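In my numbering, the protein residues as written are 2 to 575.
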């Protein structure tokens, strides 16, 4: 007995396919492709398609005559209709495209930021120097490109590197707020495009004058400063609450950008000269920006190519998860935000965590070189490991956090506190080990790498917490947190310079390790006490209603969750 009629393309196929069994097979194929793509389980797509076509062993039994009931013209129209429904948008949903663009965006964002850090060594040193070990083999086979070197002093070099932060800190808070008003597409994409163009102009600025490159890097920092907080308001409109940890993990792709920049820039410097680093990374950034403006939109409602089914699914799941978050206030409730302990839990913990990150990444290699006589930057693999490890942990922790929340095993508050404590307090314990036994180079490398690896779990903790407590002002809150944390790099540099100015020994560095222990531990404890996953009153104009004090709810009903588990068990995916 044939199955009931379906709407859409299935009804078209019903008028064209005479065989009931073939019609049923076509209808099952189309329905299952749509449903399985919605569930975003790639393995289910393969298994369902195989099942609907008779399985691998039955494919050879499908004869060409089975389609003879379709006329030549009707057959061409039917196939074209089926193929058009299986276009890129069907194979890759608009939300998946957004995820891919955000991952690439943060990779290239960090490339634009750190390219000068790598190239400047070759810009002011002799031609005999090599940027990284990864490029030495190439350099030995090819003649180094002769380029102009600059007679910048050490102080001027540090000013050029530090000028990035002059502009960076100015746009953190405004960037988050502007993204809430005009949309993250313009702020993130515009910042990246402007920074990419400035990167291409960097060699010309260097040849022009010392002050020109100083100003250019400050403006470049100004452009990129707004990008990080801008992405959270977009997540509030595109990503259902119980999946936001995984989306926030995309921000850690900046570590992949750093890991790739080290060897790639080393190779470019060795073969084409230091200027090629800025041309290559700048052009890549411009290309990404063009794709961003073409493919990404601020909300599902604004996307011209999104299917009605995907748009409705996203909007309904967000509304369900947030309990109808209410109308957004016309103005930022600054007093309520600035006096909110849950907000300060995010800000303070982020500041402590990033202070530790900057110290480990920027300052501890100096300890390795001066005290242990081991240059970690000369080893491309060891230099890249911390970045790769942090991204891997971010992805794993975020996946686990969303799974625990969606299943109801942990509340949002418990999830955020658990992963924040793990991500921030574990490095504190590792720094105790470093302070006591850190005279060994292998142990020190292991401690520094492990501390960054475990710290990657912050994406499942406080980093996504702004979307829990105030999705309407998540950009503003993250802008506050990132503004404070941006001073972490400057502060760690000053502390290390003061403590090691007279004598860079293990005894003097031990003070720095204990400072890290205290900083990490303070951040973890502060969030453990004041952090929460509950929606705050100031998030909406109906701030005093019953929604306040409630956490964002799971996106699927128990019946839907049971059905999903049943499907996974049926196809061996559980």
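By construction, the Cβ of each residue, glycine as well, lies at the ideal position given by its N, Cα and C atoms. Keep in mind the model is a prediction, meaning the values are calculated, not measured.
For residue 405 and residue 421, believed in contact at Cβ under 8 Å, the rounded distance: About 14 Å separates the two Cβ atoms, so there is no contact after all.
Short Cβ contact (9 Å threshold) for residue 418 with residue 529: yes
Sub-9 Å separation of residue 469 and residue 535 beta-carbons: yes
Residue 391 classed as buried or exposed, judged by whether at least 16 other C-beta atoms fall within 10 angstroms: buried
Backbone CA spacing between residue 435 and residue 228 [nearest angstrom]: 35 Å
Reduced DSSP category for residue 489 - H, G, I as helix; E, B as strand; rest coil: helix
Residue 478 versus residue 244 - alpha carbon distance: 20 Å
Where residue 388 falls, given that 16 or more other Cβ within 10 Å makes a residue buried: buried
Residues near residue 364 in its chain [Cβ-Cβ closer than 6 Å; skip 5 each side]: 493, 497
Residue 250 vs residue 398 beta-carbon contact at 9 Å: yes
Residue of 525, 99, 537, 526 minimising C-alpha distance to residue 306: 99
Option in 339, 441, 285, 408 with minimal Cα separation from residue 375: 441
7 Å Cβ shell around residue 259 - same chain, five flanking residues per side excluded: 111, 115, 388
Contact belief for residue 458 with residue 429 at Cβ below 8 Å, rounded distance in angstroms: Their Cβ separation, rounded to whole angstroms, is 14 Å, which puts residue 458 and residue 429 out of contact at 8 Å.
Continuous alpha helix (DSSP H) stretch holding residue 123: start and end: 95-125
Residue 61 versus residue 93: straight-line alpha-carbon distance, rounded: A caution first: residue 61 carries a pLDDT of 41, below 50, which makes its placement in the model unreliable, though a value can still be read off. The alpha-carbon atoms of residue 61 and residue 93 are separated by roughly 29 Å.
CA-to-CA distance, residue 486 to residue 337, given in whole angstroms: 21 Å
Beta-carbon separation (whole angstroms), residue 119 vs residue 278, contact threshold 8 Å: 7 Å
7 Å CB neighbourhood of residue 354 in its chain, flanking five on each side removed: 425, 456, 459, 524
N-terminal and C-terminal residue of the alpha helix (DSSP H) that residue 426 is part of: 413-438
Within 9 Å, strictly: CB atoms of residue 107 and residue 168: no
Length of the line joining the Cα atoms of residue 333 and residue 184: 16 Å
Rounded C-alpha distance that separates residue 358 from residue 152: 31 Å
CB contact flag (residue 234, residue 191, <9 Å): no
Stretch-stretch touch, CB-based, cutoff 8 Å, three pairs: the segment 202-219 with the segment 272-286: yes
DSSP three-state assignment for residue 458, whether helix, strand or coil: helix
Cβ-based burial, residue 519 [other Cβ within 10 Å; buried from 16]: exposed
Residue ranges of each alpha helix (DSSP H) within the segment 245-313, 4 or longer: 245-249, 254-273, 276-296
Straight-line Cα distance separating residue 248 from residue 427: 24 Å
C-beta contact flag for residue 505 and residue 329 at 9 Å: no
Outcome for residue 159 when other beta-carbon atoms lying within 10 angstroms are tallied against a minimum of 16: exposed
Alpha-carbon to alpha-carbon, residue 510 and residue 371: 10 Å
Inter-stretch contact (C-beta, 8 Å, three-pair minimum) for the segment 235-242 and the segment 295-315: yes
Buried or exposed (CB count within 10 angstroms, at least 16 for buried), residue 182: exposed
Residue 361 vs residue 449 beta-carbon contact at 9 Å: yes
Assigned exposure category for residue 351 - 16 Cβ within 10 Å defines buried: buried
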